[in-house]
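Single-structure report; data block below.
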Amino acid sequence: MGVALTRAAQWTTAGFGAGTLELTPLNESLLKDIVKFVESFGTKYPQEAEFVFKESLQWPTTLEPSEFESGYVVSGSTVKSEENSKDGEPLLFLSGSDIKVSSFGQLSRLLHFAKDKKLKETQACLEANRDPIMKILGAATQGIVEKEEEDLTAIRFLDKMKKDENYENNIKTKISLLLQQLDMNLLDSSLKNISLETRLSPASIKNDVDLLKRFSGKGEQTVLESINYTSDFEFANGCRAPPWRQMQGEICYLSVKPHDCDCIYLTCSTAGVFVNGGIESDTEEINYERCSDIYKDLVTILREKSAKFSENISKQQHSFFGAKKKEKKKKRPPLPEAEEIPNLPQTSTASQKSPSVKRRMVRKLEPSLKWTSSVTLQEKQDSIKESQEEKSLPTTTERTKSLISSTSTGRTHSLTGKSSVKIEDLISESSSESEEEDEQPDHRQEGQTDLPSEYWQIQKLVKYLKGGNQTATVIALCSMRDFNLSQETCQLAIRDVGGLEVLINLLETDDVKCKIGSLKILKEISHNPQIRRTIVDLGGLPIMVDILDSPDKNLKCLAAETIAHVAKFKRARRTVRQHGGIKKLVELLDYAQGKTDPGHYHSIYEIKDVEVARCGALALWSCSKSHANKEAIRKAGGIPRLARLLKSPHQNMLIPVVGTLQECASEEHYRAAIKAERIIESLVKNLSSENEVLQEHCAMAIYQCAEDEETRDLVRQHGGLKPLASLLNNTDNKKRLAAVTGAIWKCAISRENVTKFREFKTIETLVGLLTNQPEEVLVNVVGALGECCQEPENRAIIRRCGGIQPLVNLLVGTNQALLVNVTKAVGACAAEPESMIIIDRLDGVRLLWSLLKNPHPDVKASAAWALCPCIENAKDAGEMVRSFVGGLELVVNLLKSENKEVLASVCAAITNIAKDQENLAVITDHGVVPLLSKLANTNNDKLRRHLAEAISRCCMWGRNRIAFGEHKAVAPLVRYLKSKDTDVHRATAQALYQLSEDANNCITMHENGAVKLLLDMVGSPDEVLQEAAAGCIANIRRLALATEKARYS
């Protein structure tokens, strides 16, 4: 632990006193490993846990005496452990804010009491005890442990223990060994974390800023209003940060003004980009303190902080990619000579080198900026250009020419055929695609040292593939398969020496053995993302698609399975579709037709047919992650074939079939076809399978399909709710748990299903899942509870089970989807007075109000909706609302939003706020009347209803009625009476009744035909609407009578 803290941990360079541990991912990982080690020490090593330290570990703590349980004597601000050392001193002593601990057993118990403060306590302990081993074991043992030149292996320690009969020395030796092992584990962990870090450079930051500036401005379609450096001075190394900040890896500071939020001040460092404290108003200097998480680049953090930026940059993806491509071309370094790369054939000019050779010769010095995960038209054209250059690449040896007669022409035809691609084929793929679309960093072997022997042996085998005859080729392929091809070293060894080109060439031979051997190797190594992309670059996919037509079933299986591995990114999936691969893969599903009964198999040929269908389904699963491929599968008749295969008793067949249906179910027409083919019944049946992976995908498919009400009813009718509820009891498999909770969430949208879930005690189980679960599970759990909370009986169940507090605790998160669901659930619970008391006591209303500042419109809207029942059911709502500093001004300013849902929810909140006269006066002073009037010209019925209610409430203060007339809000309100929504009629009639108290407003209503419309509503069965309409007409009539009387008198 001593070496890890000295060499691996990242300490601040404090000017005075000892440094502190920085808040970095590496330090957090080290602290978690240490906490895990200490927590389990007492149970794993009970004898060693009783060992008393030579010197107590002492540090300032945040623990309170009340947090210590049995086994301790608490007296005021002092805590003593009942366990004492031989000298009678307590092994744990807390006095005020200082704590002393003298054994691992007490350390383990202290971390148990610390709960959420574990990391903070561990950090404080290490900062106060920079050399903990010396204090634990003493100076003499410390010297022995740190002598790296001596052979201190585990064997030597054991020999020493045998010779030494002293019990205490043996225990000390064991602890020394355990601490040394922990030290090595911490160093290994830190090396792994460091190897995964992406470092930014001044040049890459400058490129990103320049590119963003080109797409910024005042227009609505621009990505930002402005982006500027806070300092114009640039040092020779490209940094703009002061030298003392450069020592901490900081490069520059930016002032960014998005369209939809206030100015953001960012710090760009080698570790990433984060929000700083901004410019101090009094000193006009930057507050360097980090105020957010660290993001990998500028675009990522801006996407997170500004919804408008994310929306506009997605619209301009083609322009951004084009600009980025030009930047890369301008800054491409010169290629080194071909002689520098071993084992590659030389060509006469640089232009004759294959793209793969060029990639091996050029090392990227700067990280690329990922604007979107889509492949643009410009990139497609560049790929075509590269493939056209590839046709001039000579074969590696004369042997390859004789063995593969049609290689060059076949692949050139297949690749250049891309130039005829239609524009519609380049549409962006579906949102279900994950971040695997981003280009993976290209890891090359840095040198020829420290490489395992397998690397060089594989290179020799590739040479035999290039230079041997047909028999030698088969033997070399068999020998290559003897290596562990799942290791990255072996995979990259094949690629680095040009083996992929040869393997793909072998696919075009007439020899079936060579094809099978090549496909078996490609199938294994294509798990590597870099290998997948290289296979696509070399034109391997079109050849594999052609092999699907082969009469040999082994070839069909291997080709389909390899396609399944390669088609993990967008360009590969598009290539499969463009070369007719989808239709061929769908046709493979017919091989298992009529073979769904396990007792039917009488021959190995029929078993092979089922394997062909399984591999076809596996490939379709990978390809179905794009919208265009889903449509191609449907047109090729994939749905009825998949429905037939769902009746198969073989789980290895069912998993890819259900996986494909799960991906396709995100499309509405697919969901309709799934209902028509009675697939829901099969999905429900397989929920009871013993295979957890199959259960997961069935639940996920139900989650996708349950968007439709009819599907939710089918799940209930086929008995699918009970197995879903029972699967909640197994929480070890988090992926399955996320899928199951998602299916329950969507099914709970139907009230009949909620009744069933209440019978199965599902709500109580969901409440228990609100803690210690990953975010993907929490989003679904809270979503399900939010739907169940719509019924009063379920709100009471959640309150009785203690679900209010964990729900309120989740309001401080950052996950957008989770916040939307949590606010909905808390708002639903607030409709019950007893729950509202708990929410108010836990400061839940303040947390909801703070979410109105969230940059995401969905979160703002959901928070505003949740505030409505909170204000309505709070005991002293008016005083509570006024207690939030700046809260009323924040609500009024949200009326400037462009999002209709935000506007409707804020209007509803204002309706409830305005019930208190003091609050109504405050929001009037903040300009609520002109802002509400500005929204009057809308066609959105939801906004119309809540806007009319807000206007009705606001009319009850001062001269607000007159002000609404002056801001021309009356005439648009009259048009609301023509809506088909009864709720809009009621709210509008109430607003017009209040406005009709002013004479000028009555005139405006009369001129716009309000009387005729209101007369029709006087006969409405809705009493509130009747009364409001009649009252408004009465006011207009009284004004008319008064006018006539004045005229004749």
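Its first residue numbered 371, the sequence shown is counted upward by one per residue in my numbering.
Beta carbons are placed, not taken as given, at the ideal position from N, Cα and C, and that holds for glycine.
Everything numeric in this text was worked out from a predicted model, so none of it was measured.
Report task. Between the Cα of Arg851 and those of Val882, Glu894 and Lys883, spot the shortest distance and give me the residue it belongs to. Result -> Glu894
Query raised in the report: Do you know how far the Cα of Val1151 is from the Cα of Asn1405?
Result: 52 Å
Requested in this report: Would you mind listing the beta strand (DSSP E) stretches within the region 1073-1141 that are 3+ residues and don't spill past its ends, in chain order?
Outcome: none
Query raised in the report: Would Ser586 pass as a contact of Ser574 if the rule is Cβ separation under 7 Å?
Result: no
Query - CA nearest to the CA of Val1054, picked from Ala1233, Thr1081, Lys953 and Glu1259 - result: Comparing alpha carbon positions, the residue from Ala1233, Thr1081, Lys953 and Glu1259 closest to Val1054 is Thr1081.
**Report entry** Run of the alpha helix (DSSP H) containing Ser445, from where it starts to where it stops
**Finding:** Ser445 -> not in any alpha helix (DSSP H); beta strand (DSSP E) instead, spanning Tyr442 to Ser445.
**Report entry** Straight-line gap, Trp1115 to Ala1095 (C-alpha atoms, nearest Å)
**Finding:** 11 Å
Query raised in the report: Name the DSSP bridge partner or partners of Arg660?
Result: Asn646
Report task. Taking 7 Å as the cut-off, decide whether the C-beta atoms of Cys1277 and Leu1212 are in contact. Result -> no
**Report entry** DSSP state of Phe1334 mapped onto helix, strand, coil
**Finding:** helix
Query raised in the report: Under a Cβ-count criterion, where at least 16 other Cβ atoms within 10 Å of its own Cβ denotes burial, should Tyr537 be classed as buried or exposed?
Result: exposed
Query - Close-in-space but distant-in-sequence residues of the same chain around His1296 (CB under 6 Å, 5 per side omitted) - result: Glu1259 and Val1262
Query raised in the report: Where DSSP assigns a beta bridge to Asp468, which residues make up the other side?
Result: Pro430 and Ser465
Query raised in the report: In whole angstroms, what separates the C-alpha of Asn1191 from that of Ala983?
Result: 41 Å
Query raised in the report: What are the complete alpha helix (DSSP H) segments, minimum 4 residues, inside the region 569-634?
Result: 572-584 and 613-616
**Report entry** Thr448: first and last residue of the uninterrupted beta strand (DSSP E) it sits in
**Finding:** Thr448 to Ser451
**Report entry** N-terminal and C-terminal residue of the alpha helix (DSSP H) that Leu1181 is part of
**Finding:** Element bounds for Leu1181: n/a, residue is neither H nor E.
Query raised in the report: Are Thr945 and Leu911 close, meaning C-beta to C-beta below 7 Å?
Result: yes
Query raised in the report: In whole angstroms, what separates the C-alpha of Ile913 from that of Leu1155?
Result: Rounded to the nearest whole angstrom, the CA to CA distance from Ile913 to Leu1155 is 51 Å.
Requested in this report: Would you mind sorting Met554 into buried or exposed? The rule is 16 or more other CB atoms within 10 Å of its CB.
Outcome: The Cβ neighbour count for Met554, taken over all protein chains shown within 10 Å, is under 16; the residue is labelled exposed.
Query raised in the report: Out of curiosity, what's the CA-to-CA distance linking Arg1407 and Met1326?
Result: Computed Cα separation, rounded: 22 Å.
Requested in this report: Look up Leu401 in the DSSP assignment and say whether it is helix, strand or coil.
Outcome: helix
Query raised in the report: On the premise that Leu1139 lies in contact with Leu1181, defined as a C-beta separation below 8 Å, what is that separation, rounded to the nearest angstrom?
Result: With a Cβ gap of about 17 Å, Leu1181 and Leu1139 do not count as contacting.
Query raised in the report: Exposed or buried, Gly466, counting other C-beta atoms within 10 Å across all chains shown (16 or more means buried)?
Result: exposed
Query raised in the report: On the three-state DSSP scale, how would you describe Glu1060?
Result: Coil at Glu1060, not helix or strand.
Query raised in the report: Roughly how many angstroms separate the alpha carbons of Glu816 and Tyr825, rounded to a whole number?
Result: The predicted position of Glu816 is uncertain, since its pLDDT is 45 and thus under 50; no value can be drawn from it.
**Report entry** Strand pairing of Ser1018, partner residues [DSSP]
**Finding:** Ser1018 pairs with nothing; no bridge assigned.
Requested in this report: Over the uninterrupted alpha helix (DSSP H) stretch that includes Gln948, give me the two end residues.
Outcome: Lys940 to Gln948
Report task. Express the C-alpha separation of Phe1254 and Tyr1346 in angstroms, rounding to a whole number. Result -> 34 Å
**Report entry** Own chain, CB closer than 7 Å to Met1375, minus 5 neighbours either side, in chain order
**Finding:** Val1340, Val1344, Leu1362, Ser1366 and Ile1406
**Report entry** Rounded straight-line distance, which links the Cα of Val956 to that of Arg1011
**Finding:** 8 Å
**Report entry** Cβ-Cβ separation, Ala1200 to Cys1240 (assumed contact under 8 Å), whole Å
**Finding:** 5 Å
Query raised in the report: Tell me which same chain residues have a C-beta within less than 8 Å of the C-beta of Val408, skipping the five on either side of it?
Result: Phe474, Leu477, Ser478, Leu481 and Thr492
Query raised in the report: Using a Cβ-Cβ cut-off of 6 Å (strictly less than) and excluding sequence neighbours within five positions of Thr1281, which residues of its own chain qualify?
Result: Beyond the five residues adjoining it in sequence on each side, Thr1281 comes within less than 6 Å, by CB distance, of Glu1319, Ala1320 and Arg1323 in the same chain, given in chain order.
Query raised in the report: Pick from Ala1412, Thr1101 and Pro502: whose alpha carbon is nearest that of Leu1148?
Result: If we check each option's Cα against that of Leu1148, Thr1101 comes out closest.
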